[in-house]
Structures are given as C-alpha cells and as structure tokens.
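Numbering (the UniProt record's numbering), first residue to last: 1 to 54.
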C-alpha cells in the first residue's frame with residue numbers, strides 16, 4: 001500500500017512538471033491528463049503488487 005501511495009505522489013508531481021513544459025493547455029485539459037497519468041501509474045503499481053503476491 002505504501003508503494004502505491006508513493007507511486008501516486010511521484011506520478012502526480014511528474015505530471016504537473018511535464019504538463020507545464022509542453023504545449024499550452026487549458027486547466028481542464030491539464031487536470032484530465034494528470035488524472036490519466038495517475039490512473040496509469042496506479043494500474044502499474046497494482047500489477048506490481050499482484051506479481052509480488054503471486
């Protein structure tokens with residue numbers, strides 16, 4: 001669970017940094033992209049946990 005929370009925070013920070021460096025987007029587009037990236041990170045972390053349990 002700690003790994004999942006850590007991954008979430010890292011991805012949220014990275015998403016914030018990288019979306020600011022790219023093309024100009026509205027706040028809604030930035031939020032949508034960030035949520036998408038965090039969701040992908042959570043899925044990856046869940047897969048890692050599942051592999052560790054197996």
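Ideal Cβ positions, reconstructed from N, Cα and C, are used throughout, including at glycine.
Item                                                                                                                           : Value
Taking a contact to mean a Cβ-Cβ separation below 8 Å, would you say residue 45 touches residue 3 in this structure?           : yes
Whole alpha helix (DSSP H) runs in the UniProt region "Disordered" (32 to 54) with 4 or more residues, listed along the chain? : none
Does the Cβ-Cβ distance between residue 9 and residue 37 come in under 8 Å?                                                    : no
DSSP three-state label for residue 24, please.                                                                                 : coil
Taking buried to mean at least 16 other C-beta atoms within 10 Å of its own C-beta, is residue 39 buried or exposed?           : exposed
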